[in-house]
Amino acid sequence: MGLLSDPNRRRALTSLVTRLNTPLCVLCYLVGVSWFMGLAFEPFMLRTYMSENAMGSTMVEEKFVFGERAISYTREFAGQKKKTGGMPVDWLVKTMKSRGLEVYTQSFSQTLPFPDEVKERYMVRGTNVYGILRAPRGPRTESIVLSAPCSEGNNNNQAVGLLLAIASYFRSQIYWAKDIIFLVNEHDLIGTEAWLEAYHDVNMTGLRSSPMQGRAGAIQAALSLELSSDVITSMDVALEGLNGQLPNLDLVNLFYAFCQKTGVLCTIQGKLQRNDWDTLPGYTHSLSTMLLMVLKQGSGHPQGDHGLFLRYHIEAVTMRGINSFRQYKFDMTTVGKLIEGMFRKLNNLLERFHQSYFFYLMPSLTRFVSIGYYMPTFGFLALILVLRALDLWVQLSDPARALEDGVSEGEQDSSPSLLSLATPVIICHLTGLALYFLPVLSQEMAIQHFPVSETEAVVLTAIAIYVAGLALPHNTHRVLSGAGTERGWRSLKLFSLLYLAVLLGCTTLINFSLGFILAVTMIPVAAFIQPHRSSKVLHGVALILVSPATTLLLSIYLYHELIEYPVSLLECWQHFLTAVSQGILDHHLYGSLLYPLLALFIYPCWLQFWNIVFWK
Amino acid sequence: MASHRLGVAVFVLVATAILAAESEPNQVESEQLQDVGGSPDAVFSDAEGGFKTGDGASETVPGQAETPPHPVETGQADSAGRRVSIEVGSDRVEEPVADEELENLQAEFDLQDAPQQSEPVPIPRDHFAEELVIRPLLSGDMYTSFQFRTRWDTDQHRGEKVSHYRLFPKSLGQVISKFSVRELHISFTQGFWRTAQWGQPLLSAPPGAELWVWFQDSVADVDGAWRELTSVLSGIFCASLNFIDSTNTVQPSASFKPMGLGNVTEQRFLRYAVLPREIVCTENLTPWKKLLPCESQAGLAVLLKSEKLFHSSYHSQAVHIRPVCKDSACRETSWELSQTLGIVFDLHASGQSKREWSLFKMFSRTLTEPCPLASSSKVYVDVTDNPLGDELFDLSPAVSLQTQAVVLGDRRTFTVYDLLTPEPYGPTRSLNILLKWRQQVSVDMQRPVLHTERYVSGYGLQTGEINTLLYNSHPFRAFPVLLMETVPWYLRLYIHTLTVQSKGKENKPSYIHYLPSKDRQRPHLLEMLVQLPPHSVTKVTVQFERALLKWTEYTPDPNHGFYVSSSVVSAMVPSVVAMDTNSTEGRPLFTTLFHSTEESSYFMRVYSEPLLVNLPTPDFSMPYNVICLTCTVVAVGYGSLYNLLTRTFQVEEPSGGLTKRLANVIRRLRGVPLL
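Chain order of the listed sequences is A and B.
Going by UniProt numbering, the first sequence runs without a break in its numbering and finishes at 616.
Going by UniProt numbering, the second sequence runs without a break in its numbering and finishes at 675.
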């Protein structure tokens with residue numbers, strides 16, 4: 001700090017910052033991006049390990065042998081499902097009761113803000129059935145959940161069958177210390193959300209549900225099961241939950257440990273592990289796995305039913321059985337053993353999961369990148385904003401010093417009025433507000449005047465408002481205070497840079513992936529745009545290329561490239577439209593924060609930069 | 001005898017240590033006795049534990065010539081020769097004796113004391129009865145409830161010292177006299193009674209340990225007595241009752257009334273505490289069994305084998321001591337000790353292939369003889385749900401004796417096996433009651449009239465809400481219930497958010513007693529009288545904020561969560577007998593116009609689930625990191641700020657420092673103008 005208190009050195013420092021500003025920024029960006037790339041290089045990663053003592057040292061012997069019974073339950077369930085044309089509530093209640101569980105049902109209904117065209121639903125009405133296995137001599141204070149969705153068509157019948165077989169096997173064991181809840185939920189995520197809200201007696205999404213009768217204390221962990229075939233070739237684990245929340249790493253380790261023990265092939269992001277990290281394909285593989293995780297986490301969309309549990313501090317993962325063309329298959333008994341083993345270890349838990357990491361990225365199931373390793377990436381990127389802001393600050397304060405020296409300048413130029421700065425900021429945020437509220441509110445009006453469906457109306461309105469924001473009369477300062485001054489745009493840019501830094505910083509703390517995606521695209525352009533007449537078009541195009549909507553479009557494209565299912569540009573556009581509607585739905589149905597964050601903060605902030613480019 | 005008593009003695013020792021610490025004011029030679037090892041109480045315990053006490057054996061009665069014809073010498077020596085000892089009056093001198101001598105003395109007491117003493121001591125007429133109730137639950141599970149009742153015909157209210165024990169366990173007798181206890185109720189429960197599946201228990205108890213005590217009105221320092229009492233009981237029952245302190249003790253104003261004689265209902269003599277986290281296992285069962293006159297040597301208690309008892313869904317053992325009338329005239333009182341044990345055996349966990357129950361299957365023992373000290377020893381099997389004999393289940397051996405009783409507002413029919421008669425044992429000389437289910441048991445049963453449910457709602461670690469649901473499933477009668485909630489101080493209740501709702505409407509409690517908590521001193525106590533409308537669910541909610549504890553106040557496993565003890569619902573519940581109009585058809589008309597009073601409603605206490613609440617918990621696993629980070633921030637941040645604030649700035653003429661001179665040398669070499 002002597003550095004700052006000494007005027008000479010301070011001057012030297014500021015001149016350094018201003019002189020070398022551009023190279024420093026470029027350097028920061030390169031270091032940030034390459035640091036991120038390096039995270040996927042195996043020697044730089046940590047190996048996963050079990051931190052929780054209660055689950056580490058104890059041995060569990062799995063004795064589940066009722067794979068055949070699971071399949072017969074599956075057949076029966078499928079038949080009943082076909083007969084009732086939906087969830088066979090009565091049959092499930094009867095079956096669970098006869099297995100000795102305490103069975104309850106919970107009916108719910110939810111009206112979506114607009115029809116969901118992907119899942120073809122608007123007014124959702126459903127029933128969740130859950131059976132509680134009471135732990136012998138347990139005081140009903142703790143429980144674990146095993147859930148299986150009752151999906152449309154023939155999906156997930158096996159999951160329900162296996163759930164019933166496991167329930168009936170678990171019921172005859174006496175070692176349970178925690179109650180076990182077997183949940184069959186209808187309408188996948190909506191059902192899970194309804195059940196969780198009723199269990200915790202909160203109402204955040206305007207869902208109507210019948211009061212819940214049976215509870216089993218604080219839920220410690222949850223596993224969600226998705227199985228659509230009698231045999232599987234591998235088991236995939238989905239981690240990313242709502243708003244990019246992740247389960248404790250120990251739960252993932254537990255899954256991996258039991259996959260190893262039972263010999264089941266396990267994947268993450270649908271990708272098997274490779275051992276050739278020192279070759280380029282090996283590195284690319286782990287990088288693409290990690291990028292997939294970043295994209296999924298950044299989307300804030302729950303990647304399975306488990307995703308909604310995380311909000312309630314319930315560690316949860318979704319296990320998905322994959323049946324591919326591989327030779328070696330695993331039957332239901334093996335899957336049952338895998339789940340039994342995990343449950344018995346969860347049963348041993350003395351405390352909630354807290355030992356291991358909650359913030360991590362996984363380039364493979366055995367390796368992880370902890371928060372301490374990936375945060376510097378963002379640090380370097382954010383440094384660019386700080387450096388630019390410093391530069392601007394110095395530039396802005398220099399003329400003031402010049403004024404003291406007697407060089408007179410225009411009064412107005414030296415201090416742009418607050419009004420002229422606040423007006424564009426306010427207008428940008430009002431546009432954001434419109435983007436947030438109008439699409440859903442004005443769908444009625446839109447379908448009256450245009451030949452579109454509600455969903456299309458909402459999405460197209462959103463895009464229209466988004467684009468209209470670009471054309472707004474941004475140069476209000478000209479009306480207020482004549483021509484825009486040099487200092488005016490510099491002040492606005494200074495403010496916008498700091499605003500962006502704060503926004504991205506906060507976002508990154510909660511959801512690193514989202515923050516990183518936004519930072520890596522927006523920061524370089526935001527740092528260097530200027531209202532120069534010559535390069536106005538260039539800057540404008542660059543800015544449009546990094547606008548949140550374009551980022552979303554590119555992310556979708558990248559995602560499809562990474563899962564090796566490339567799409568054409570037109571398909572990509574279709575996916576983009578779906579993603580926008582799903583984003584809005586996620587917000588209304590589950591409380592996802594991505595849409596409000598983009599609409600209310602990131603987009604207005606971006607508009608401010610747009611404003612600067614067209615400053616006159 | 002000494003060796004057998006050792007187990008008790010170990011537990012008694014803790015009690016004794018405290019008892020011995022205080023002198024007996026009535027004792028003539030108390031001071032002298034203190035010198036040689038303690039008060040008379042201590043001597044007795046010492047004798048049991050095999051301690052060598054004192055030296056003044058001058059007045060000791062040596063072993064007499066004749067061996068007494070007392071059951072002591074027979075197989076039931078230990079149980080029969082229970083606590084026979086010397087009367088200690090204020091006018092008599094205590095004789096410290098060596099333990100083997102005392103043993104003789106005790107054995108010969110019946111013969112000896114009359115000539116020895118100046119005034120004859122009335123021989124206590126203690127009374128012991130045991131019974132076992134077996135109730136097949138409609139869920140297919142089996143509920144067995146033991147009750148051992150000892151009556152002690154001594155009048156301790158007068159304050160005189162009693163040290164004559166026959167059937168009544170001495171360790172508890174001493175506790176009663178030492179702490180002037182009027183009533184004592186203690187229960188240890190592992191598991192939760194599933195009211196909705198199992199109906200009502202014969203005796204309800206909350207999960208964990210529960211202790212409530214009424215003290216005599218002569219006790220001046222109730223808190224002190226309570227503190228000592230919990231420590232003593234902790235020793236006797238080998239439980240963590242010593243964790244009861246002021247932060248979990250309350251004085252309920254209305255929920256707990258004396259169950260025995262006496263009309264002192266001032267709440268300052270009442271103390272109530274629950275330890276919801278207490279784990280109950282064999283080490284609690286063993287001392288409990290040792291309180292029985294026959295221990296587990298004979299009678300029903302032979303069934304109490306730990307390995308089977310803890311292979312169950314529910315286990316609740318309790319001890320209740322209260323003063324009762326000695327006779328119908330009630331001129332004198334005596335002490336009644338009820339030891340109860342309720343167990344539910346799980347149908348599913350014990351193999352589903354054979355749907356049958358027997359004593360042997362449940363306890364891996366059969367009954368062969370009653371306790372010889374028992375005046376009554378019976379086994380009741382509830383056959384109410386089996387009206388025609390073999391509809392739902394078969395019962396063997398078949399006994400013709402049946403009895404009816406109104407239990408918890410429901411008329412039940414029982415098959416009775418009287419163990420004092422040879423009849424039930426049959427030719428094999430052992431009784432193994434066998435119950436075979438005939439048909440698939442239906443899980444659906446009529447919901448009990450009153451049951452509760454409790455949960456914490458909300459998410460996050462800042463606030464939350466405690467919800468208590470009270471179900472009244474009576475079709476047409478409303479009745480009031482007393483709800484009592486004890487909440488630890490670290491959940492800060494917002495009492496203004498208290499709402500009571502029935503059927504969507506506000507239900508104003510007619511009585512509310514709220515004692516706010518004091519941090520680290522006492523818990524919240526909330527009692528209220530709520531009228532439950534017929535066929536309704538009443539929801540009582542109150543919001544709370546989670547406090548951040550001091551770092552030493554966290555338990556070793558803070559992420560497990562913190563327990564909130566069960567709420568207690570006490571009510572006079574309308575009887576189902578009165579409710580069921582169809583059942584009156586067979587009876588005479590004159591009986592049914594008005595419900596007879598004892599059947600129309602009955603007292604019931606229902607406990608809800610305990611709650612497990614997570615508090616905001618620091619990450620204890622990385623204090624080092626935290627310390628390092630904090631220190632760095634403080635050092636860098638504070639240090640530099642302090643530097644900036646205190647430094648005086650002055651313009652300095654550029655002086656020819658070393659650096660400058662060095663620079664000039666280089667510049668000269670380069671041929672550049674000097675600085």
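Just so you know, even glycine gets a beta-carbon here, dropped at the ideal spot from N, CA and C.
In terms of DSSP beta bridges, what is GLU561 of chain A paired with? GLU561 of chain A pairs with nothing; no bridge assigned.
Contact list for LEU146 of chain A against chain B, beta-carbon separation under 7 Å: Close partners of LEU146 of chain A in chain B (Cβ separation under 7 Å) are lacking, with about 18 Å as the shortest Cβ gap.
Endpoints, beta strand (DSSP E) assigned at THR267 of chain A: Taken as a continuous stretch (DSSP letters only), the beta strand (DSSP E) holding THR267 of chain A covers 266 to 268.
Taking DSSP's pairing of strands, which residues face ASN472 of chain B in a bridge? Paired residue(s): B:LEU450 and B:SER536.
For a contact defined as C-beta to C-beta under 8 Å, what are the partners of ARG352 of chain A on chain B? What ARG352 of chain A touches in chain B: ASN559, HIS560, GLY561 and ASN614.
Identify the continuous beta strand (DSSP E) that holds ASN128 of chain A and give its terminal residues. Taken as a continuous stretch (DSSP letters only), the beta strand (DSSP E) holding ASN128 of chain A covers 121 to 133.
With a threshold of 6 Å on Cβ separation, who are the neighbours of ALA273 of chain B within its own chain once the five nearest residues in sequence on each side are excluded? LEU211, ILE244, ASN248 and THR249.
List the residues of chain A whose Cβ lies closer than 8 Å to the Cβ of ASN467 of chain B, in chain order. Within chain A, ASP201 have C-beta atoms less than 8 Å from the C-beta of ASN467 of chain B, given in sequence order.
LEU525 of chain B to VAL487 of chain B, Cα distance in whole Å? Spanning the two alpha carbons is a distance of roughly 7 Å.
Taking the alpha helix (DSSP H) that TRP226 of chain B falls in, what are its first and last residues? That run of the alpha helix (DSSP H) goes 222 to 237.
Under 8 Å between beta-carbons, which chain B residues line up against GLU102 of chain A? List them in chain order, please. For the C-beta of GLU102 of chain A, the chain B residues within less than 8 Å are, from N- to C-terminus, ARG194, ALA196 and GLN197.
Give the straight-line distance between the Cα atoms of LEU515 of chain B and GLN501 of chain B, rounded to the nearest whole angstrom. Going from the Cα of LEU515 of chain B to the Cα of GLN501 of chain B covers about 22 Å.
So, does the CB of ASP35 of chain B fall closer than 8 Å to a CB anywhere in chain A? With a pLDDT of 36 at ASP35 of chain B, under the threshold of 50, the predicted position of this residue should be treated as unreliable, though the coordinate-derived value follows. It does not: the Cβ of ASP35 of chain B has no partner Cβ on chain A nearer than 8 Å.
Going by DSSP, name the residue or residues bridged to ASN284 of chain B. Here ASN284 of chain B is not bridged, per DSSP, to any residue.
Chain B beta carbons: is any one of them nearer than 8 Å to that of GLU404 of chain A? For GLU404 of chain A, the predicted structure reports a pLDDT of 42, less than 50, and the residue's modelled location is therefore unreliable. A value from the coordinates is still provided. False, the Cβ-Cβ gap to chain B never drops below 8 Å.
Can you pull the DSSP bridge partners for residue 621 of chain A? Residue 621 of chain A lies beyond the range of chain A shown here (1 to 616); nothing can be said about it.
Straight-line gap, ASN432 of chain B to SER147 of chain A (C-alpha atoms, nearest Å): The alpha-carbon separation between ASN432 of chain B and SER147 of chain A amounts to approximately 44 Å.
Using CA atoms only, rank isn't needed, just tell me which of A:SER496, A:VAL440, A:PHE516 and A:THR521 is closest to PHE114 of chain A. Measuring from the Cα of PHE114 of chain A, the nearest candidate turns out to be A:VAL440.
Can you give me the Cβ contacts of MET604 of chain B inside the same chain, cut-off strictly under 6 Å, excluding the 5 residues immediately before and after it? So the list reads ALA571 and VAL573, once near-sequence residues are dropped.
Just the Cα atoms here: how many angstroms apart are LYS305 of chain B and THR333 of chain A? LYS305 of chain B and THR333 of chain A have their C-alpha atoms spaced approximately 37 Å apart.
Within chain A, partners of GLY191 of chain B - CB distance below 8 Å: The contacting residues are PRO136, ARG137, GLY138 and PRO139.
Can you give me the Cβ contacts of ILE242 of chain B inside the same chain, cut-off strictly under 7 Å, excluding the 5 residues immediately before and after it? Here residue 242 of chain B is Asn; the residue named in the question, Ile, does not match the sequence. THR230, SER231 and SER234, listed in sequence order.
Listed in chain order, which residues of the stretch 507 to 540 of chain B have Cβ atoms closer than 8 Å to some Cβ of chain A? For the stretch 507 to 540 of chain B, the residues whose beta carbon sits under 8 Å from a beta carbon of chain A are, in order, VAL537.
List the residues of chain B whose Cβ lies closer than 9 Å to the Cβ of TYR122 of chain A, in chain order. Using a Cβ-Cβ cut-off of 9 Å, TYR122 of chain A is close to nothing in chain B; its nearest Cβ partner there is about 28 Å away.
Sorted by chain position, which residues of the same chain lie with C-beta nearer than 6 Å to VAL319 of chain B's C-beta, five sequence neighbours on each side aside? Cβ neighbours of VAL319 of chain B beyond the five flanking positions: ILE186 and GLN339.
Give the C-beta separation of LEU337 of chain B and LEU202 of chain B to the nearest angstrom, bearing in mind that I take them to be a contact with Cβ-Cβ under 8 Å. In fact, because the Cβ distance is near 17 Å, the residues do not count as touching under 8 Å.
For a contact defined as C-beta to C-beta under 8 Å, what are the partners of SER312 of chain B on chain A? Near SER312 of chain B (Cβ distances below 8 Å), the residues of chain A are PRO136 and ARG137.
Would GLY591 of chain A and MET204 of chain A be called neighbours here (beta carbons separated by less than 8 Å)? Taking 8 Å as the Cβ cut-off, GLY591 of chain A and MET204 of chain A qualify as a contacting pair.
What distance in whole Å lies between the Cβ atoms of PRO448 of chain B and GLN200 of chain B, which are believed to be in contact at a cut-off of 8 Å? Contact between GLN200 of chain B and PRO448 of chain B holds, since their C-beta atoms are separated by about 5 Å, short of 8 Å.
Put GLY241 of chain A into one of helix, strand or coil per three-state DSSP. It is coil, neither helix nor strand.
Under 9 Å between beta-carbons, which chain A residues line up against HIS315 of chain B? List them in chain order, please. Per Cβ cutoff of 9 Å: ARG137.
Which residues, in order along the stretch 306 to 323 of chain A, keep a beta-carbon less than 8 Å from a beta-carbon of chain B? Listed by position along the chain: ARG311, TYR312 and HIS313.
Quick one: does GLY458 of chain B have its CB under 8 Å from some CB of chain A? True, the Cβ-Cβ gap to chain A drops below 8 Å.
So what does CYS325 of chain B bridge to, in DSSP terms? Residue pairing of CYS325 of chain B in beta bridges, as defined by DSSP: B:THR333.
Buried or exposed, going by whether 16 or more other CB atoms sit within 10 Å of the CB of ILE556 of chain A? By the 10 Å Cβ count, ILE556 of chain A comes out buried.
Quick one: is the Cβ of ILE465 of chain A within less than 7 Å of any heavy atom of the ligand MG? In the structure on display, the ligand MG does not appear, and there are no ligands present to speak of.
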